[in-house]
Amino acid sequence: MADLRNFYRLSSAAGALAISLALGAFPAHAQSAPTPAPTSPAAPSDDQASAQDTSNDIIVTAQKRSERLQDVPLAVTAVSGETLASRQINDTTALTRAVPSLTFQQGNHPANTTFRIRGVGTALFGQGVESSVAVVVDGVPMVRAAQSLSDIADVDRIEVLRGPQGTLFGKNASAGVLSIVTARPTSTFEAKGDVTIAEDNEYRVKGTLSGPISDTLRVRVGGFYNNVQGPAYNVTLKRHVNGQESWGLRGKIEWEAAPNLTFLLGADYRETYSSCCTYSSISVVNPVIARLEAPVVASPTNRLVSEDTLNKANSRQTTISLQGDWDLGAATITSITAYQKYHLLVNQPVDRIDSNPVLYVGPSAYASWNFNQGIVDLNQISQELRIASNGNRDFTYVVGAFYSHGEVKRPYARRRAVCSSGTIGQPCAAPTYQSSSSFADLKTDNIAAFGQAEYRIVGGLKLIGGLRVQYETGTNYGTQLGVTNAGDTLLPGVAAVSTGTLRDSDTAVTGKAGLQYEFSRNLQTYATYTRGYKGIGYNMEAGTDFAHQTDLKPEHVNAYEVGLKGRTGDGLLSFALAVYRADYTNLQVQANRGDPITGVVSFISTNAGKSRSQGVELEATLHPLAKLDIQASLAYTDSTVSIDGLNCPLQFQAAAPTLTGNFPVNSCYRASTTVNGVTTVSGPRQDLRNAPLPASPKWRFTVAPRYDFDVGSSFGGFAQVAVSYQSKQGFAIEQDPLLIQKAYTIVDLSVGAYTSDRRFSLTLFAKNLFDQNYYSTISHNSLLATTTNSKDIVATFNKDADRYVGATFAVHF
Numbered sequence: 012m013a014d015l016r017n018f019y020r021l022s023s024a025a026g027a028l029a030i031s032l033a034l035g036a037f038p039a040h041a042q043s044a045p046t047p048a049p050t051s052p053a054a055p056s057d058d059q060a061s062a063q064d065t066s067n068d069i070i071v072t073a074q075k076r077s078e079r080l081q082d083v084p085l086a087v088t089a090v091s092g093e094t095l096a097s098r099q100i101n102d103t104t105a106l107t108r109a110v111p112s113l114t115f116q117q118g119n120h121p122a123n124t125t126f127r128i129r130g131v132g133t134a135l136f137g138q139g140v141e142s143s144v145a146v147v148v149d150g151v152p153m154v155r156a157a158q159s160l161s162d163i164a165d166v167d168r169i170e171v172l173r174g175p176q177g178t179l180f181g182k183n184a185s186a187g188v189l190s191i192v193t194a195r196p197t198s199t200f201e202a203k204g205d206v207t208i209a210e211d212n213e214y215r216v217k218g219t220l221s222g223p224i225s226d227t228l229r230v231r232v233g234g235f236y237n238n239v240q241g242p243a244y245n246v247t248l249k250r251h252v253n254g255q256e257s258w259g260l261r262g263k264i265e266w267e268a269a270p271n272l273t274f275l276l277g278a279d280y281r282e283t284y285s286s287c288c289t290y291s292s293i294s295v296v297n298p299v300i301a302r303l304e305a306p307v308v309a310s311p312t313n314r315l316v317s318e319d320t321l322n323k324a325n326s327r328q329t330t331i332s333l334q335g336d337w338d339l340g341a342a343t344i345t346s347i348t349a350y351q352k353y354h355l356l357v358n359q360p361v362d363r364i365d366s367n368p369v370l371y372v373g374p375s376a377y378a379s380w381n382f383n384q385g386i387v388d389l390n391q392i393s394q395e396l397r398i399a400s401n402g403n404r405d406f407t408y409v410v411g412a413f414y415s416h417g418e419v420k421r422p423y424a425r426r427r428a429v430c431s432s433g434t435i436g437q438p439c440a441a442p443t444y445q446s447s448s449s450f451a452d453l454k455t456d457n458i459a460a461f462g463q464a465e466y467r468i469v470g471g472l473k474l475i476g477g478l479r480v481q482y483e484t485g486t487n488y489g490t491q492l493g494v495t496n497a498g499d500t501l502l503p504g505v506a507a508v509s510t511g512t513l514r515d516s517d518t519a520v521t522g523k524a525g526l527q528y529e530f531s532r533n534l535q536t537y538a539t540y541t542r543g544y545k546g547i548g549y550n551m552e553a554g555t556d557f558a559h560q561t562d563l564k565p566e567h568v569n570a571y572e573v574g575l576k577g578r579t580g581d582g583l584l585s586f587a588l589a590v591y592r593a594d595y596t597n598l599q600v601q602a603n604r605g606d607p608i609t610g611v612v613s614f615i616s617t618n619a620g621k622s623r624s625q626g627v628e629l630e631a632t633l634h635p636l637a638k639l640d641i642q643a644s645l646a647y648t649d650s651t652v653s654i655d656g657l658n659c660p661l662q663f664q665a666a667a668p669t670l671t672g673n674f675p676v677n678s679c680y681r682a683s684t685t686v687n688g689v690t691t692v693s694g695p696r697q698d699l700r701n702a703p704l705p706a707s708p709k710w711r712f713t714v715a716p717r718y719d720f721d722v723g724s725s726f727g728g729f730a731q732v733a734v735s736y737q738s739k740q741g742f743a744i745e746q747d748p749l750l751i752q753k754a755y756t757i758v759d760l761s762v763g764a765y766t767s768d769r770r771f772s773l774t775l776f777a778k779n780l781f782d783q784n785y786y787s788t789i790s791h792n793s794l795l796a797t798t799t800n801s802k803d804i805v806a807t808f809n810k811d812a813d814r815y816v817g818a819t820f821a822v823h824f
């Protein structure tokens, strides 16, 4: 109750402040009530509408129908394709620079890398669990988070919907939605392309052709090729790592079968070959590790590694969709049929040293671990059918149904060498081997009916209501296949014989309710309650005991949001303010149940007791001069989690006391229990209460001013600065103080010139102008990790953790 009272006080104070500012910014509208029109009381008269500057209206489909961004009663950030290009945002992971409420948690490969919105995401690498942040491309929901880590090419806009969006977007949108809208075929011929060359061997090429074939048939074809050298260098393999090569093609055919009936067929194919994600040592205390990693020397800015096996993360993705739109005048019926296929092959070495041949490394659970390979194979078909009202009416609505059938196959194999004696750093005389292999196959079906409506009660007051009823089933078959090589022993912690099938189903009812008040066309406020949901999770990973498998309970959320959106009639200023609170139960998380001393590797998908996310977001765009545009945003996020039985940080385990009861919270202990006269003592554990979620900084701020100017009569130029700040954040749900990224600020600079007809442009850019070092993730070194020797730390980093410069040349006809 105290938390809720704090939320209400916070929202009331922020709302009062924003309304006060808005009343000052909108004196003509705020001080006198708008003159009502007969059919739409809040609509401006024709004279008022014509006097307003509507050229800057942003149209979005955040509620599955076209609306002005200003009118949408939820927190949405829309980033146009032009903005993405001007700020060199080349892939979805770089979107965090433009959307402060969006964060990105780098895993050791794409399958356990995830987005977070308002601090909430899915910190899991289990492929039986969906992401809490849904990624939707042209209306088609992606099945797993790894599919969303893609290059941005020929994009019209990206909409980031913050907060639970399950009413319209389904069971894997409990934290929000990343909606990518690619460009449609054009009715006139269009050709465009650009080439980017940057320091350290970065090359990017994109191109698009679009235009009509006949009066009723239009085609668009685009493609890209990227080759980006990795920022780390492997001294053993003598090559750069953590880079990638990727290419893709997308084609669209749009057919006007009738004046009010349109079909859009789209096909997208892309491949990625990546050497992600190798860790570099940033702190080494153990002299044995220092000796084994030589000539690499650990430091906060170390960019060298010594692994003898290349990290591998290669993927192929195909998506085919057919969208039909039948305009009935008052409403449009839309059908989206889609098929997607995705394949990911990952091999992630664990030892992180040159262990070929196998070396004696001391009293470790293993001496060499180069083979750690997993595959994700998924297929899904989906069908959505909906009807949505057109235009701005007193009663607007979206009603529809959705069905999907998917299958995820997960083979996994691991093998490591163990050496019991010898001279440290010298070849092992008689290594022995441990291995395991497994296979899992998950089939799911989901069917849902949904609807949302807004009804104008009186004047500018609207009632918002939405409901979704969904039913899902899942069948998870898995088997442990034993060792990978004859003569090996089974890895510790893996069941020798374990085969089984788990079937489960669930029905969920989610929805939305709220009020919206339009002071005028340019100022509105809203307050909403949303019930969100994420479906059942299944265990498919290497250590699963499939004969006794359990699933993860569905994740539920109750979310509250109060918002205010406005802009001046002349377009000088626009802003959006949101105050929110979201309470999660059974948050699906990854818990470390392994033991580094014995070498048992066990990361378990489990449910946290509860989680909370609350905060304030403010976005604003200012046009103080005709050619000066300033975009700014601020996000304060307070996100916490409560969970029992979590592993303790390594450095706290040795001192953990053994207790029989009155177990502490947020502190490490061992639980002693006696059953039938037999006493057992647990490993070091902790029960967290209101602990910060990982990858969730409290403060994030961006400001990006851009100034355009004329250079004679034939050319123009621009200068743009983008400043991004974030406060400190942790990288482990275990609350490990050694795994914290300090606060940092990144400054990017772009200057360029273009012809007056915008056909040709040249942009010079500098990323991370002041050379600010930061990490995308931090972890303990797995080799020789002990409870008393825990300060050997490794990290990964993006290319822009170092300053680099480049240029982009673009043409557009």
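Residue numbers for the sequence shown follow my numbering, beginning at 12 and rising by one. Backbone N, C-alpha and C define an ideal beta-carbon position, used for all residues, glycine too.
- In this chain, residue 664 is not harboured by any beta strand (DSSP E); it is covered by the alpha helix (DSSP H) spanning 661-664.
- The Cβ atoms of residue 477 and residue 546 do not sit closer than 8 Å to each other.
- The Cβ atoms of residue 154 and residue 321 lie no closer than 8 Å to each other.
- Selection 778, 738, 764 and 724 evaluated against residue 732 yields 778 as nearest (Cα-Cα).
- The three-state reading of DSSP puts residue 359 in coil, since its state is none of H, G, I, E or B.
- About 3 Å separates the beta carbons of residue 411 and residue 397, which is inside the 8 Å limit, making them a contact pair.
- Taking residue 141 as reference, the option from 485, 278 and 167 with the minimal CA-CA separation is 485.
- Under the DSSP definition of a beta bridge, residue 251 partners with 244.
- Residue environment: residue 750 is assigned as buried (16 or more neighbouring CB atoms within 10 Å of its CB, all protein chains considered).
- Taking residue 83 as the centre and dropping the five residues before and after it, the same chain places the C-beta of 71, 73 and 74 closer than 7 Å to its C-beta, in chain order.
- Looking from the CA of residue 461, the closest CA among 511, 482 and 455 belongs to 482.
- In chain order, 348 and 414 place their CB closer than 6 Å to the CB of residue 394, counting only its own chain and leaving out the 5 sequence neighbours on each side.
- Of the residues 661, 784, 541 and 258, the one whose Cα lies closest to the Cα of residue 175 is 541.
- By the neighbour-count definition (other C-beta atoms within 10 Å, threshold 16), residue 721 is an exposed residue.
- Going by DSSP, residue 90 is part of the beta strand (DSSP E) stretching over 87-91.
- Spatial neighbours of residue 261 in its own chain (CB-CB distance under 6 Å, excluding positions within 5 residues in sequence) are listed in chain order as 233 and 279.
- Taking C-alpha positions only, residue 288 is separated from residue 93 by approximately 30 Å.
- When C-alpha distances from residue 790 are compared across 797, 804 and 723, the shortest belongs to 804.
- With a minimum length of 3 residues, the unbroken runs of beta strand (DSSP E) contained wholly in the stretch 196-241 fall at 201-209, 213-223 and 228-239.
- Secondary structure at residue 477: strand, using DSSP grouped into helix, strand and coil.
- Scanning 215, 239, 351 and 224 for the CA closest to the CA of residue 277 turns up 351.
- Per the coordinates, the alpha-carbon of residue 598 lies some 36 Å from the alpha-carbon of residue 309.
- Between residue 451 and residue 399, the C-beta spacing is not below 8 Å.
- The DSSP assignment places complete beta strand (DSSP E) segments of no fewer than 3 residues inside the stretch 435-474 at 443-469, in order along the chain.
- For the pair residue 758 and residue 729, the CB atoms are not nearer than the 8 Å cut-off.
- For residue 300, the enclosing alpha helix (DSSP H) covers residues 298-304.
- If you check the CB distance, residue 464 and residue 528 do not come in under 8 Å.
- In the displayed model, residue 420 falls within a strand according to three-state DSSP.
- For the set 239, 237 and 669, the Cα lying nearest the Cα of residue 691 is the one of 669.
- Residue range 323-338 is occupied by the beta strand (DSSP E) that includes residue 335.
- Ranking 534, 519 and 150 by CA distance to the CA of residue 345 puts 150 first.
- Between residue 708 and residue 753, the CB-CB gap reaches or exceeds 8 Å.
- Per DSSP, reduced to three states, the secondary structure at residue 819 is strand.
- The stretch 647-663 makes contact with the stretch 619-634; the number of CB pairs closer than 8 Å reaches 3 or more.
- In the three-state reduction of the DSSP assignment, residue 766 falls in the strand class, which pools E and B.
- With a cutoff of 8 Å on beta-carbon distance, residue 807 and residue 742 are scored as not near each other.
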